[in-house]
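Protein chains in written order, with my numbering: chain A, 12 to 489; chain B, 12 to 489. For every residue, glycine included, the Cβ atom is placed at its ideal position computed from N, Cα and C. Please read all numbers here as calculations on a predicted model, not as lab measurements. Reviewing the structure listed below.
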């Protein structure tokens with residue numbers, strides 16, 4: 012992969028209350044510019060935009076979702092970047108669909124270990140068509156192959172280069188959106204249920220965030236085993252929709268789930284799958300029956316406000332009790348952790364993951380699993396899409412589709428901000444903004460309110476947030 | 012189960028250097044008496060021993076291995092006890108074979124949690140024929156059924172009552188010895204490999220005490236999965252015999268196994284099954300690959316000398332590092348504990364265990380597993396049998412057979428005690444004897460040297476330790 016230097020271009024940024032960028036630090040490349048098809052207002056791009064017949068001499072460019080610095084949604088921008096050139100062991104993918112994961116929110120906040128250097132293109136997951144292959148890729152992949160891939164960042168873009176180790180061919184009948192909706196969610200779910208737990212007939216299962224992408228994948232995969240009892244924890248607002256699926260035996264509200272579960276089964280459950288961390292670790296362990304298994308596979312409790320809170324991160328760590336193996340021996344319990352990112356990029360787990368992808372695609376072909384897509388969004392609407400995930404309002408996977416047109420600009424700027432959201436915004440401003448680790452976001456603080464307005468808008472998909480860049484991206488839909 | 016009060020009788024106790032019991036505390040019932048067929052020297056028994064035609068008015072008696080107090084081998088005695096009478100949900104089993112487990116050594120030492128009250132009949136595992144059924148047992152079992160059972164203590168006896176929850180019919184072709192050799196070892200091994208680990212093709216496995224009963228069961232069961240690599244850790248003295256089986260890929264000496272394993276595979280192993288505890292917990296965890304699983308299923312490191320050492324127990328606890336679930340999440344690792352005794356008797360796991368027994372017997376019928384019996388011993392030779400386990404000199408299961416005649420008394424008392432054994436004996440005397448928790452062992456200290464002599468004798472099965480009770484038990488072999 013060759014990540015070339017950033018080329019400043021257009022941004023699909025709505026509602027520029029500050030009419031021109033008041034960038035005090037000279038970061039002109041992150042200026043918020045009204046976007047047109049090929050970015051008027053930018054010298055470099057203007058050249059080749061006009062002469063399409065001219066061959067590839069100046070660097071071609073692509074749209075990408077760029078994180079310009081850790082913090083709030085305002086740091087997530089659609090920028091033009093040079094098209095990447097493919098390295099020897101890589102393939103170049105023309106992206107047709109991208110998957111959003113909670114992890115992307117944590118990256119945005121800088122609330123993960125070994126965070127990337129900013130600016131960086133966000134995203135871990137995309138599906139598309141191979142446009143070029145490196146010279147050492149061999150017969151495994153060829154131009155035109157339909158694939159899904161797991162690059163470490165850079166997935167939310169029109170084009171991405173990925174090492175062949177993280178690229179998987181998709182079945183002919185699978186749509187790109189389905190592929191992007193399946194990959195990470197079902198990988199995590201499959202490994203949890205069948206490699207770490209080895210789910211058997213008759214077991215009971217507590218799932219947090221059961222409405223989310225992984226949650227829905229877990230429910231479907233668990234249902235491939237007979238007579239499994241599923242306790243699904245999520246906010247009350249999702250109960251009706253999830254209840255309609257008929258797949259979850261007990262839908263339980265987040266607020267007092269331990270007591271709710273105990274009311275139904277005094278003895279506890281066989282399996283707890285926890286993507287929250289913090290105090291839920293101890294609670295989950297406490298809910299286990301003998302021979303029970305607890306797995307931590309995420310730490311979304313770290314994400315509280317819109318920006319990183321030192322206290323929420325620290326609390327999430329402090330609250331987790333350490334456990335002695337002797338206690339596990341006495342109580343006949345198991346504790347596991349699963350982190351796909353570490354496994355793939357730090358622990359050389361690509362072969363194992365590939366074999367698991369094969370199994371999942373096999374289940375898909377057999378009709379045993381069917382990804383639930385909550386909603387698909389244009390790249391320009393990424394902030395709203397992320398906000399929906401943040402607010403845990405999605406049921407199933409949230410995907411981006413570079414070919415989609417952004418939502419139309421609202422007739423009036425977002426105004427009906429709820430009191431709750433307003434105070435959350437203020438809070439995140441207070442405790443988060445000073446954590447931003449590089450200076451590149453300075454000078455844009457004034458935009459915050461408008462951008463944070465996405466939070467409210469996310470409650471209804473009809474309310475758009477990104478305004479003017481309506482028609483601008485049509486060319487990519489071919 | 013009705014455990015009636017103890018009836019003092021004969022003991023197969025060899026080499027009574029102290030000609031008559033010098034019991035300072037009035038525990039006459041534990042007197043060491045030269046044994047004859049029906050225990051001359053005891054009033055109660057003498058009556059009915061002479062008149063066999065007389066019907067069951069006086070309590071009938073049976074031989075049993077009784078632990079008279081926590082401590083060394085001298086507290087393990089063959090005593091006459093009243094035959095138990097069957098409770099409503101129990102069956103009465105005429106015992107044909109008993110299994111020895113490392114746990115029995117720990118019970119003898121008092122080095123387990125919630126130890127039993129002494130005196131108690133030892134043993135967790137026996138096979139035999141049902142002689143009576145309680146009124147609530149129903150159709151599940153009938154007189155004459157061949158069964159194997161898991162009573163909580165009391166298994167090493169001619170007769171035992173067991174709740175039907177812990178009784179399992181054995182296949183017609185299975186011998187009683189095989190049944191006793193299979194049950195606990197293969198239960199533990201099966202649950203570890205297929206429920207806690209879900210062993211898959213291509214995985215690598217580190218097994219401690221690979222020559223022991225559970226070790227051998229683990230090796231056989233692991234070999235039912237293709238392409239599994241087994242690292243077997245045991246003392247060098249067993250390597251030749253175990254190597255001959257061809258089942259273990261890498262036989263590794265206990266003393267420096269971590270480095271030995273790293274020499275063979277720098278990346279570590281997928282699974283570590285640890286029956287030792289103490290520092291091996293941390294070492295085992297450290298040897299795991301990503302996605303690796305460590306299970307603690309025993310704490311035999313606690314057993315150092317012949318008697319309980321406070322320091323060895325405490326050290327075994329102090330040495331075990333507590334682990335945060337967050338560490339497991341970062342490293343993609345699992346920690347489990349498995350304790351069959353807790354599961355069965357404290358955690359209501361009897362149904363789960365029964366279904367697992369079914370699976371194991373199925374594998375046995377298919378010829379997939381075949382228990383390895385190290386040696387079979389008369390009840391009277393139990394101390395020697397336990398010593399062999401203690402010294403980890405067994406390969407496979409050590410069983411007791413109440414029908415076996417004790418070994419003939421040696422021509423001369425055991426004399427060729429090795430220097431090493433002598434010093435170990437002294438050590439255990441020093442740090443262990445004062446830990447004995449009830450006074451019933453007082454007055455017998457003078458016998459210790461003779462009894463400890465069994466340790467040396469255990470190296471060769473030809474050297475007997477229990478002397479005079481040669482012909483006494485013939486009547487039971489019918």
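Just the C-alpha distance for residue 122(B) and residue 254(B), rounded to the nearest angstrom, thanks. Residue mapping note: residue 122(B) aligns to position 111 of the second chain, counting from 1. Residue mapping note: residue 254(B) aligns to position 243 of the second chain, counting from 1. Answer to the nearest angstrom: the Cα atoms are 33 Å apart.
Rounded to whole angstroms, what is the Cα-Cα separation between residue 450(A) and residue 404(A)? As a working mapping, residue 450(A) is identified with position 439 in the first chain. As a working mapping, residue 404(A) is identified with position 393 in the first chain. Bear in mind that the predicted position of residue 450(A) carries a pLDDT of just 32, short of 50, making it unreliable; the figure below should be weighed with that in mind. Their backbone Cα atoms lie some 32 Å apart in a straight line.
Please decide whether residue 418(A) counts as near chain B, where near means a Cβ-Cβ distance under 8 Å. Working through the first chain from its first residue, we reach residue 418(A) at position 407. For residue 418(A), the answer is no, since every Cβ of chain B falls outside 8 Å of its Cβ.
To the nearest angstrom, report how far apart residue 352(A) and residue 329(A) are at their CA atoms. Taking the first residue of the first chain as 1, we reach residue 352(A) at position 341. Taking the first residue of the first chain as 1, we reach residue 329(A) at position 318. The alpha-carbon atoms of residue 352(A) and residue 329(A) are separated by roughly 23 Å.
Taking only runs of the alpha helix (DSSP H) that begin and end inside the region 333-421 of chain B, which ones reach a length of at least 4 residues, in chain order? The region 333-421 of chain B contains these whole alpha helix (DSSP H) runs: 336-342, 351-356, 361-376, 393-401.
May I have the straight-line CA-CA distance separating residue 25(A) from residue 408(A), to the nearest angstrom? By 1-based counting over the first chain, the position of residue 25(A) is 14. By 1-based counting over the first chain, the position of residue 408(A) is 397. In this prediction, residue 25(A) scores a pLDDT of 37, lower than 50, which makes its location untrustworthy; the coordinate-derived value is nonetheless stated afterwards. Approximately 25 Å between the Cα atoms of the pair.
With a cut-off of 8 Å, does the C-beta of residue 238(B) fall near any C-beta of chain A? Position 227 of the second chain, counted from the start, is the residue given in the question as residue 238(B). Not closer than 8 Å to any Cβ of chain A, the Cβ of residue 238(B) fails to qualify, so no.
At which residue ranges does the region 92-148 of chain B contain complete beta strand (DSSP E) runs of 3 or more residues, listed in the order of the chain? Entirely contained in the region 92-148 of chain B, the beta strand (DSSP E) runs reaching 3 residues are, in chain order, 101-110, 137-144.
Going by the CB atoms, is the gap between residue 171(A) and residue 507(A) shorter than 8 Å? Past the edges of chain A, shown from 12 to 489, lies residue 507(A), and the structure says nothing about it.
Residues of chain B with a CB under 9 Å from the CB of residue 331(A): which are they? On the first chain, position 320 is the one that residue 331(A) refers to. In chain order: 335, 336, 337.
Residue 199(B) - DSSP class collapsed to helix/strand/coil: In the second chain, counting from the first residue as 1, residue 199(B) sits at position 188. Residue 199(B) falls in the helix class under three-state DSSP.
Using only CA atoms, which one of 315(B), 312(B), 269(B), 322(B) lies nearest to residue 296(B)? Along the second chain, one-based indexing puts residue 296(B) at 285. The candidate whose alpha carbon is nearest that of residue 296(B) is 269(B).
Any chance the region 236-250 of chain B sits against the region 261-280 of chain B, with 3 or more Cβ pairs inside 8 Å? yes
Using the C-alpha atoms, what's the distance from residue 218(B) back to residue 299(A)? Position 288 of the first chain, counting from 1, holds the residue named residue 299(A). Position 207 of the second chain, counting from 1, holds the residue named residue 218(B). The alpha-carbon atoms of residue 299(A) and residue 218(B) are separated by roughly 27 Å.
Grab me the residues of residue 360(A)'s own chain with a C-beta within less than 7 Å of its C-beta, minus the 5 sequence neighbours each way, in chain order. Position 349 of the first chain, counted from the start, is the residue given in the question as residue 360(A). So the list reads 354, once near-sequence residues are dropped.
Proximal residues, the region 148-177 of chain A versus chain B, C-beta separation under 9 Å: none
Spatial neighbours of residue 165(B) in its chain, beta-carbon cut-off 6 Å, leaving aside the 5 residues before and after: Start at 1 with the first residue of the second chain, and residue 165(B) comes out as number 154. Excluding sequence neighbours, residue 165(B) sits near 132, 171.
Residue 339(A) and residue 287(B) closer than 8 Å at C-beta: The residue you call residue 339(A) lines up with position 328 of the first chain. The residue you call residue 287(B) lines up with position 276 of the second chain. The answer is no: Cβ separation not under 8 Å.
Are the C-beta of residue 350(A) and some C-beta of chain B separated by less than 8 Å? Locating residue 350(A) in the first chain gives position 339, where the first residue counts as 1. Chain B, which has a Cβ nearer than 8 Å to the Cβ of residue 350(A), makes this yes.
Quick one: residues in its chain with C-beta nearer than 8 Å to the C-beta of residue 356(B), no 5 flanking neighbours on either side, listed in chain order? By 1-based counting over the second chain, the position of residue 356(B) is 345. Once the five neighbours on either side are set aside, the close Cβ partners of residue 356(B) are 163.
Could you please give the first and the last residue of the uninterrupted alpha helix (DSSP H) stretch that includes residue 300(B)? On the second chain, position 289 is the one that residue 300(B) refers to. Careful: residue 300(B) lies outside any alpha helix (DSSP H), inside the beta strand (DSSP E) at 299-307.
Quick one: give me the first and last residue of the alpha helix (DSSP H) that residue 256(A) is part of. The count along the first chain starts at 1 and reaches residue 256(A) at position 245. Residue 256(A) -> alpha helix (DSSP H) spans 250-256.
In terms of residue numbering, what span does the alpha helix (DSSP H) encompassing residue 321(A) cover? What you label residue 321(A) is simply residue 310 of the first chain in a count that begins at 1. Counting along the chain, the alpha helix (DSSP H) containing residue 321(A) begins and ends at 321-329.
Compute the Euclidean distance between the alpha carbons of residue 160(B) and residue 221(A), then round it to the nearest angstrom. Reading the second chain from its first residue, position 149 is the one you call residue 160(B). Reading the first chain from its first residue, position 210 is the one you call residue 221(A). So the two alpha carbons sit approximately 43 Å from each other.
Which of helix, strand or coil does DSSP assign to residue 84(B)? Counting from one through the second chain, the residue named residue 84(B) turns up at place 73. If DSSP states are grouped into helix, strand and coil, residue 84(B) belongs with the helices.
Go ahead and label residue 74(B) buried or exposed: buried means 16 or more other beta carbons lie within 10 angstroms of its beta carbon, across all protein chains shown. As a first step, residue 74(B) is located in the second chain; it is residue number 63 there, counting from the start. Classification of residue 74(B): buried, given that the 10 Å Cβ count is 16 or more.
Any chance you could list the alpha helix (DSSP H) runs of at least 4 consecutive residues sitting entirely within the region 148-236 of chain B, in chain order? 187-201, 224-233
In DSSP terms, what residue 240(B) is bridged to: For this step, residue 240(B) is matched to residue 229 along the second chain. Paired residues: 215(B).
In this structure, what does DSSP give as the bridge partners for residue 74(A)? In the first chain, counting from the first residue as 1, residue 74(A) sits at position 63. Bridge partners of residue 74(A): 91(A).
Counting contacts by CB-CB distance shorter than 8 Å, is residue 115(A) in contact with chain B? Here residue 115(A) is taken as the residue at index 104 of the first chain, counted from 1. So, not an interface residue.
Residues in the same chain with beta-carbon distance under 8 Å from residue 324(A), minus the five sequence neighbours each way, listed in chain order, please. Here residue 324(A) refers to the residue found at position 313 of the first chain. Taken in chain order, the residues that qualify are 122, 313.
When the cut-off is 8 Å and only beta carbons count, does residue 125(A) lie next to chain B? The residue you call residue 125(A) lines up with position 114 of the first chain. Judged by the 8 Å Cβ criterion, residue 125(A) is not in contact with chain B.
Is the region 224-234 of chain A touching the region 176-183 of chain A, taking contact as three or more C-beta pairs under 8 Å? no
Taking 6 Å as the limit between beta carbons, can you name the residues of its chain near residue 189(B), skipping five residues before and five after? Position 178 of the second chain, counted from the start, is the residue given in the question as residue 189(B). So the qualifying residues of the chain are 382.
Extent of the continuous beta strand (DSSP E) run through residue 313(B): Within the second chain, the letter at position 302 stands for residue 313(B). Neither: residue 313(B) is in no beta strand (DSSP E) and is coded neither H nor E.
Taking 8 Å as the threshold (C-beta atoms), are residue 110(B) and residue 200(B) in contact? One-based indexing of the second chain puts residue 200(B) at position 189. One-based indexing of the second chain puts residue 110(B) at position 99. No, the Cβ-Cβ distance between residue 200(B) and residue 110(B) is not below 8 Å.
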